Amino acid sequence: MLDFFMRLFRGEDQSKHVAKERLRLVLVQDRTSLSPQALDALKEDLIAVISKYLEIDETGPDVVLERDGDSIALVATIPVKRAAGVARAGR
Amino acid sequence: MAGRVIVVTSGKGGVGKTTTTANLGAGLASLGRRVCLVDADIGLRNLDVVMGLENRIVYDLVEVVEGHARLRNALIKDKRLDGLFLLPAAQTREKDAVTPEQMKALCAQLAEEFDYVLVDSPAGIEHGFRNAIAGATEAIIVTTPEVAAVRDADRITGLLEAHELSNPRLIINRIRPQMVRRGDMLDIDDVIEILAIDLLGIVPDDESIIVATNKGEPVVLGGNTRAAQAYRNIVRRIEGEEVPFMQLEEEGWLSRLRSLVGFGRKQRGA
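Those protein sequence lines, which keep their order, are chains W and Y.
Count along the first sequence starting at 1, add 6, and that's the number in this note's numbering.
Count along the second sequence starting at 1, add 351, and that's the number in this note's numbering.
1. State the CB to CB distance for the pair W/ALA25 and Y/VAL389, rounded to an integer number of angstroms; the pair is presumed to be in contact (CB under 8 angstroms).
2. Among the residues of its own chain, which have a CB less than 6 angstroms from the CB of Y/ILE543, if the five just before and after it don't count?
3. Looking at the C-beta of W/SER21, does it have a partner C-beta in chain Y at a distance below 8 angstroms?
4. Quick one: grab the DSSP three-state call for Y/ARG384.
5. What does W/ASP36 reach in chain Y if we use C-beta pairs closer than 9 angstroms?
6. Nearest chain W C-beta to Y/LEU516 closer than 8 angstroms, yes or no?
7. With a threshold of 16 other CB atoms inside 10 Å of the CB of Y/ARG502, please say whether the residue is buried or exposed.
8. Quick check: the Cα distance between Y/LEU483 and Y/VAL449, rounded to an integer number of angstroms?
9. Can you give me the Cβ contacts of W/GLY96 inside the same chain, cut-off strictly under 8 angstroms, excluding the 5 residues immediately before and after it?
10. What do you get for Y/MET402, buried or exposed, if any count of 16 or more other CB atoms within 10 angstroms of its CB means buried?
11. Mapping DSSP to helix, strand and coil, what is Y/GLU593?
12. Compare the C-beta of Y/SER381 with all C-beta atoms of chain W and state if any pair is closer than 8 angstroms.
13. Within 10 Å of its beta-carbon, does Y/LEU426 have 16 or more other beta-carbons around it, so buried, or fewer, so exposed?
14. Taking only beta-carbon positions, decide if W/LEU52 is within less than 8 angstroms of chain Y.
15. Can you give me the Cβ contacts of Y/GLY479 inside the same chain, cut-off strictly under 6 angstroms, excluding the 5 residues immediately before and after it?
16. Mapping the DSSP letters down to three states, classify Y/LEU426 as helix, strand or coil.
17. For a contact meaning CB atoms closer than 7 angstroms, what does Y/ASP535 contact in chain W?
18. Looking only at its own chain, which residues have a Cβ that is under 7 angstroms from the Cβ of Y/ALA581, when we skip the five neighbours before and after it?
19. Is the separation between the beta-carbon of W/VAL70 and that of W/ARG30 shorter than 8 angstroms?
20. Which residue wins for smallest C-alpha separation from Y/ALA459, given the options Y/GLY434, Y/ARG520 and Y/THR488?
21. Could you check whether the Cβ of Y/ASP429 sits closer than 8 angstroms to any Cβ belonging to chain W?
22. Determine the DSSP secondary structure at Y/ARG527, reduced to helix, strand or coil.
23. When you compare only the Cα positions, how much space is there between W/ILE84 and W/ILE62?
24. Mind checking if Y/PRO358 is an interface residue toward chain W, Cβ cutoff 8 angstroms exclusive?
25. Between which residues of its own chain and Y/ASP433 is the CB-CB distance below 8 angstroms, once the five residues before and five after are set aside?
Set out below in structure tokens:
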């Protein structure tokens, strides 16, 4: 019962979120002719390169293509835990 | 000074291009502007019936372009508004009966006589679309808050930019406030965020549109329905006025409660 109300309040069941997410994905393909597989590969390569220098929260990275006016930007949000190999206790 | 040539387009069919063209034209004419509506949907003309002018057609766009009729004789004068005219599409011809160059010349000729030339584009991105945008200096994209329509609007935005119509403005049509409120329809912010183009207006889904179309009367000329008000706002924005966007509905108890409790706003930035 509580769960039901929580869902109601947070609006997780709202179909517009599904619509928005599907649109985001399909527009990436439309705008760049880049397949979702290619974008995934790009994301993995990016993470691999950045992991050499920084310790990344593997569950967090988000790589999307966004159109800003007439140009397309690759926007990567990659949460960093700390510098790789320079682990400091307590941080 | 030459008039403005504005193409109304969408990519996807059935989102309300023709109704939008008719209402913006009628709205602009009711402000005293001289307006010519051009139906560029050759083979599937419909602007004539939406305007209620289908019984007055003598000549059409293709006959004018081919030199079989004078432009002046093909223009149908609206029965309600002085400055409003329609150039109908040909019904029995193919889309490629006209070239983009011919459309460009036609629009330039019309722009000398009219303050506004509104071109109703066919659905699709092929020949008919390229004809419709050829003579335009501005573009309005019509979409509805659905995945397929928004996707096509994005595609059209790219194609318009490739044809140097770089600042298209968006009309979001057929919004259902109740569905938006319960989160079952993309809202205005969602669509704008995804498409990243300027918003020209929002038009609520309104039965009065269907009633008006049945009668062949643009809703903007009728009573004070929500849709009529929405179109009047858009017309004023086209004229350069700053008009605040319509509040679609009072906030419901659920969203009020949500914001009170602190949930529900979380998704916005996501």
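All residues carry an ideal CB built from backbone N, CA and C; glycine is no exception.
This one's a predicted model, so the numbers in the text were calculated from it and none came from an experiment.
Reading off the structure:
1. Going by Cβ atoms, the distance from W/ALA25 to Y/VAL389 rounds to 34 angstroms, so no, they are not a contact pair.
2. LEU550
3. yes
4. coil
5. ARG502, ASP505, ARG506 and GLY509
6. no
7. buried
8. Per the sequence shown, the amino acid found at residue 483 of chain Y is Ala instead of Leu. Their Cα atoms are separated by approximately 10 angstroms.
9. Residue placement at W/GLY96 is flagged as unreliable, the pLDDT there being 41, under the threshold of 50; a coordinate-derived value is accordingly withheld.
10. buried
11. coil
12. no
13. buried
14. no
15. LYS446 and PRO473
16. coil
17. GLN20, SER21 and LYS22
18. GLY552, ILE553, VAL554, PRO555 and MET597
19. yes
20. Y/THR488
21. no
22. coil
23. 7 angstroms
24. Note that residue 358 of chain Y corresponds to Val in the displayed sequence, not to Pro. With 8 angstroms as the cut-off, Y/VAL358 does not count as an interface residue toward chain W.
25. ALA380
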